[in-house]
Amino acid sequence: IEPLPAPPDTRIMVVANQKGGVGKTTTTVNIAAALAMGGLSVLVIDLDPQGNASTALGVEHSTGTRGTYEVLLDGDAIEDLVVVSQEAPNLRVLPATVDLAAAEVELVSVVAREGRLNKALRTYLKDHPADYVFFDCPPSLGLLTLNALVAANEILIPIQCEYYALEGVSQLMQTINLVKGELNDELDLSTVLLTMFDARTKLAAQVVDEVRAHFTEQTLPMVIPRSVRISEAPSYGQTVLTYQPESTGAESYLAAAREIARRGAKENS
Ligand code: ADP
Ligand code: MG
79 IEPLPAPPDT RIMVVANQKG GVGKTTTTVN IAAALAMGGL SVLVIDLDPQ GNASTALGVE
139 HSTGTRGTYE VLLDGDAIED LVVVSQEAPN LRVLPATVDL AAAEVELVSV VAREGRLNKA
199 LRTYLKDHPA DYVFFDCPPS LGLLTLNALV AANEILIPIQ CEYYALEGVS QLMQTINLVK
259 GELNDELDLS TVLLTMFDAR TKLAAQVVDE VRAHFTEQTL PMVIPRSVRI SEAPSYGQTV
319 LTYQPESTGA ESYLAAAREI ARRGAKENS
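Take any residue in the sequence shown, count from 1 to its spot, add 78: that is its number in full-length UniProt numbering.
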C-alpha cells in the first residue's frame, strides 16, 4: 500500500453501533491496519470485553493480561500496556480481557466516571503522538461506550446491509447528541460505512440507498462486500489485509481506509 496522508491533528474515532454483529470490530481492525500499513501511526483501544479486536490484531488478551480495564479502573498508564500488533510496527493495541465486563458496573461508583479514558488518552498522546486512534465498542450504550464518546472527536458507524439496518441508529444519534451537548462538543458523526453487502440481493441495494439518503455526506462511496475471507481472518490472528491481500474484502477495506485518510487530510487543511 502506498503512503497515506496524515491528518493535521489526531483523529480519534469511535466505532459504534449498539447492534451486535454489524461489523464494528472487523471495520476497526481492518481500517486501523490499512492506515498503519500506509505509514500512519495508529492506536486501537479495545473496549469490548470479548476482545475480538485484540484477537484479530494478533495481540494476547487472555485473563491476567493488563489492558483497558486497568486503565479505566486502576488508573494505569496506556503507554505501559499497549502492545505492537503483528500487522504493522506502527499499529499499537490496548487489549481487552473478559475483566472489562465488570468495568461497566464498577465504573458507576467512580468519580468522573465518563472521563477516565479521555484523561488517560490525552496523557498518552502528549508523549506518543498518533495520527489515528480507534475505539472498538461493545454492542451497548453503557459507560464503556460513553467513555469512548467523551474521548473522541469523530464517530464511525458501520451499518450492515440487512433488514432493520437503521434500527438502533436513531437511538445512537440521540446518545451522540446528548454527549455533544453535555460532555464533548467536538464530537462529530463523520463517517458511515456499509458492511456485509451482498450484490445478489435487492434488499442490500435498498439499504445502501436508504443509508445514503439519510447520511449523504458521511457515507463512504465504497461498500464492504460479504466475504468469507473477511470472516476467516480473525481465526488466524490477522486482518484480511494480511491474510488474503488480493481478496475483494481486503481491497474494499483498503479503499475505505484511503478515502478516510483522504477526507481527514483535506478536512482541516
Ligand atoms: P461487531 O463488532 O459489530 O459485533 P463483527 O465485526 O464482529 O461485528 O462482525 C460480526 C461477524 O460477522 C463476525 O463473525 C465477522 O467475522 C463477520 N463479518 C464481518 N464483516 C464481514 C464481511 N464483510 N463479510 C463476511 N463476514 C463478516
Ligand atoms: Mg465487536
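Backbone N, C-alpha and C fix where the C-beta goes; we use that ideal spot for every residue, glycine too.
Open item on the list: Considering Cα atoms alone, identify which of 246, 278, 208 and 254 is closest to residue 226.
Closed with: 254
Task: Classification of residue 127 by the beta-carbon crowding that lies within 10 angstroms, buried from 16 upward - done: buried
TODO: Can you tell me which of 85, 115 and 79 puts its alpha carbon nearest to the alpha carbon of residue 340?
DONE: 85
Task: residue 221 versus 211, 200 and 191, residue with shortest Cα-Cα distance - done: 191
- [ ] Indicate whether residue 296 and residue 268 have their beta-carbon atoms separated by less than 8 Å.
- [x] Yes, the Cβ-Cβ distance between residue 296 and residue 268 is below 8 Å.
- [ ] Return the CA-CA distance between residue 321 and residue 165, expressed in angstroms with no decimal places.
- [x] 10 Å
TODO: Can you have a look at residue 153 and say buried or exposed, based on whether 16 or more other CB atoms are within 10 angstroms of its CB?
DONE: exposed
Task: Proximity winner among 210, 196 and 246, relative to residue 218 (alpha-carbon distances) - done: Ranking 210, 196 and 246 by Cα distance to residue 218 puts 246 first.
Open item on the list: What does the Cβ neighbour count give for residue 359, buried or exposed, with the cut at 16 atoms within 10 Å?
Closed with: Because residue 359 is not part of the residues shown, which for the chain are 79 to 347, the question remains open.
TODO: Answer yes or no: the CB of residue 168 versus the heavy atoms of the ligand MG, is any distance below 7 Å?
DONE: no
Open item on the list: Let's test the definition: count the other Cβ atoms within 10 Å of the Cβ of residue 324 and tell me whether it reaches 16, buried, or not, exposed.
Closed with: Under this definition residue 324 is an exposed residue.
Task: Near the ligand ADP: residue 102 beta-carbon under 7 Å from a heavy atom - done: yes
- [ ] Report the three-state DSSP secondary structure of residue 267 (helix, strand or coil).
- [x] strand
- [ ] Taking only runs that begin and end inside the stretch 244 to 328, name each unbroken alpha helix (DSSP H) of 4 or more residues, in chain order.
- [x] Secondary structure remark: continuous alpha helix (DSSP H) runs of at least 4 residues inside the stretch 244 to 328, in chain order: 247 to 260, 280 to 292, 306 to 310 and 318 to 321.
Task: Residue range of the alpha helix (DSSP H) that includes residue 158 - done: 156 to 159
- [ ] Could you work out which residue in 100, 99 and 91 is closest to residue 110 when comparing CA atoms only?
- [x] 91
Task: Exposed unless 16 or more other CB atoms sit within 10 angstroms - verdict on residue 167 - done: The residue in question, residue 167, is exposed, as its Cβ has fewer than 16 Cβ neighbours within 10 Å.
Task: Residues near residue 188 in its chain [Cβ-Cβ closer than 6 Å; skip 5 each side] - done: none
- [ ] Identify whether residue 109 lies in helix, strand or coil by the three-state DSSP scheme.
- [x] helix
Task: Among 183, 233, 150 and 327, nearest to residue 172 - alpha-carbon criterion - done: 150
TODO: Would you mind working out which of 337, 224 and 277 sits nearest residue 260, comparing C-alpha positions?
DONE: 224
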